[in-house]
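Below you'll find the structure, written out as structure tokens, and then a few comments.
Residue numbers (the numbering used here), protein chains in the order written: chain A, 1 to 322; chain B, 1001 to 1324.
In structure tokens, the structure reads:
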């Protein structure tokens, strides 16, 4: 492996996570394709993409659970294949299924994970108490995990992944199917962990969540399309977005689609978004179209693109989804 | 009462469901018009699924009444099942079957007459953009294709109303937008769409939203109405470095209910923005923050959702845990 010496991180500037051309193939399919990223210690990094984009496979390789077909990865300076056992002591991994035992209580699940990680008996009770308090689960410690709500299961999964005080935390779509109130709670806990210096690597299919990360990688069909802070990623947006509100949003969207191309018009309930190269010209065209068709214009303004808009813009340039 | 005649696809009067002592759905009153896209929101365990099961004729109500597509949900459960489409986040497709085989399978379930079968199959394949994949195994399709195929299978029998249970989980944004274009198209033809979701950006696509909590409908209106009329508090947005530290400082101020991370900034829920904005500026300036520039904004749907639920929690003791 010719890159090993060049890319082996030195202890001084050690990244929490570093990959070089990380690749994983299954039969004919390249699930992860030459992924090169680095995540600094204490950073909250989001890997964003749809189902099947390669997020979980990437995470499994980083956690030392799956070997790459090609390329390499290091976690806290340890090689993901050669030192995979040592990596496991330093990381917490919360998979999509959380790995909870539904017929064990909250407390029993915690003890089970403490056993797995070989946590010393001494100090164990205090550690578990602290984690339960931290995740607001103390009142439910004798409840069977199977009877917890989605939001509470998620927090228990997190508490179990933290039982051995890991330095790097891997969370695979942790908020899938969780309601907004519980999600806010969960992100609050994550920020608490960041304050304590934990590095967090999280995957999500939801762009509004990605906006909460320090840095975001957009992955599609195994390839990294872009990787930067949310603010910088928004610079990748081609064109400006006009938000148009009218008395008949559905007809407005139809008319704009006929006038401009399909891909530039989006209908969001009572608002229509138009992506335009020049907001001035776009606005004039939209206003005259509305008045010609007798549709009452309630408002038109330029808005800041969301990460979703950026993702769509970047993907369209790559030849579209599917 | 016939819903088709009244112009309503769904009418609910005091609809209730009890499991023993637990009231899962508490006197729900609601009317959904034909061709409307209605978003049904609420935290886990709020009564969403119980309501949908009653609407689909799967679970009999314990009290009150309702009609779906003109049929009584207490008495005509079988008729309802024939007149609705249902699609869940699991998509219920057979991964080992090809696209065509899945469609044929659902044609059988819905007893589509032989004479219409071919036409409906072609319609689904066209709609889902699967012409080149009609003989592909379903397992190899992307999330977006599976989603459209599942939608097609759920409406093979041309039901006047469809129920979508978190339909876009794990689907990429472009496919999600295409999916909503299809939904708007169906709604334009008069099909009523009843959708549940946890994602507020998706809720924005709906014509009208209902928020259910502890079995009760606690808010109802268009996304715009909910954002402008439903909140008693005001929202202040600000951007700063180390927002997680700033949050703690801001929450110490009087008149501040709480602060939450929102995108790369903070949303602060306050009693009155006019008083809170200078107070926040001063507090953060004292702590060494510069150019924070808090400003009052229109709340997001997430702000409204969280605020309404917290207001309800303040009125009553926190919801008791229960297990089924």
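A virtual CB, placed ideally from N, CA and C, is assigned to each residue, including glycine.
Environment of residue i [buried if 16+ CB atoms lie within 10 Å]
i: residue 1090 of chain B; result: exposed
i: residue 47 of chain A; result: buried
i: residue 140 of chain A; result: buried
i: residue 163 of chain A; result: buried
i: residue 102 of chain A; result: exposed
i: residue 1036 of chain B; result: buried
i: residue 1094 of chain B; result: exposed
i: residue 1014 of chain B; result: exposed
i: residue 37 of chain A; result: buried
i: residue 1019 of chain B; result: exposed
i: residue 1290 of chain B; result: exposed
Secondary structure of residue i, DSSP reduced to three states
i: residue 205 of chain A; result: coil
i: residue 1032 of chain B; result: strand
i: residue 127 of chain A; result: helix
i: residue 1171 of chain B; result: coil
i: residue 163 of chain A; result: coil
i: residue 211 of chain A; result: coil
i: residue 1054 of chain B; result: helix
i: residue 274 of chain A; result: strand
i: residue 1147 of chain B; result: helix
i: residue 1166 of chain B; result: coil
i: residue 1123 of chain B; result: helix
i: residue 1037 of chain B; result: strand
i: residue 1185 of chain B; result: helix
i: residue 245 of chain A; result: strand
i: residue 21 of chain A; result: strand
i: residue 93 of chain A; result: strand
i: residue 1308 of chain B; result: helix
i: residue 50 of chain A; result: coil
i: residue 33 of chain A; result: strand
i: residue 1290 of chain B; result: coil
i: residue 1220 of chain B; result: strand
i: residue 1193 of chain B; result: strand
i: residue 1295 of chain B; result: strand
Neighbouring residues, chain B, relative to residue i (Cβ below 7 Å)
i: residue 191 of chain A; result: 1244, 1261
i: residue 329 of chain A; result: Given that chain A is displayed from residue 1 to residue 322, the structure contains no residue 329 of chain A and the question cannot be resolved.
i: residue 32 of chain A; result: Within 7 Å Cβ-Cβ: nothing; residue 32 of chain A doesn't reach chain B, min ~16 Å.
i: residue 250 of chain A; result: 1184, 1188
C-beta neighbour in chain B for residue i, strict 8 Å
i: residue 314 of chain A; result: no
i: residue 211 of chain A; result: yes
i: residue 308 of chain A; result: yes
i: residue 60 of chain A; result: no
i: residue 198 of chain A; result: no
i: residue 311 of chain A; result: yes
i: residue 42 of chain A; result: no
Residue i - containing beta strand (DSSP E), residue span
i: residue 223 of chain A; result: 223-228
i: residue 1088 of chain B; result: 1084-1088
i: residue 1013 of chain B; result: 1008-1019
i: residue 1068 of chain B; result: 1063-1068
i: residue 188 of chain A; result: Segment 180-195 is the alpha helix (DSSP H) holding residue 188 of chain A; no beta strand (DSSP E) there.
i: residue 71 of chain A; result: 70-75
i: residue 1267 of chain B; result: 1265-1270
Limits of the alpha helix (DSSP H) - the one that residue i falls within
i: residue 1105 of chain B; result: 1099-1109
i: residue 309 of chain A; result: 307-317
i: residue 60 of chain A; result: 55-62
i: residue 1237 of chain B; result: Premise fails: residue 1237 of chain B lies in the beta strand (DSSP E), 1234-1238, not in any alpha helix (DSSP H).
Cβ of residue i within 8 Å of any chain A Cβ
i: residue 1199 of chain B; result: yes
i: residue 1184 of chain B; result: yes
i: residue 1306 of chain B; result: yes
i: residue 1174 of chain B; result: yes
i: residue 1240 of chain B; result: no
i: residue 1205 of chain B; result: yes
i: residue 1177 of chain B; result: yes
i: residue 1132 of chain B; result: no
i: residue 1295 of chain B; result: no
Residue i: contacting residues in chain A (beta-carbon distance under 8 Å)
i: residue 1223 of chain B; result: 269, 270
7 Å Cβ cut-off: residues of chain A touching residue i
i: residue 1309 of chain B; result: 181
i: residue 1302 of chain B; result: 180
Beta-carbon neighbours of residue i, restricted to chain B and to distances below 9 Å
i: residue 206 of chain A; result: 1199, 1201
i: residue 149 of chain A; result: 1043, 1044, 1045, 1321
i: residue 266 of chain A; result: 1177, 1180, 1181
Within chain B, partners of residue i - CB distance below 8 Å
i: residue 230 of chain A; result: 1263, 1264
i: residue 299 of chain A; result: The contacting residues do not exist; residue 299 of chain A stays about 11 Å from chain B at best.
Under 8 Å from the C-beta of residue i: neighbouring residues of chain D
i: residue 1166 of chain B; result: Absent here is chain D; the protein component of the structure consists of chains A and B.
heavy atom of the ligand MG below 7 Å from residue i C-beta
i: residue 259 of chain A; result: In the structure shown, the ligand MG is absent, as is every other ligand, since no ligand is present at all.
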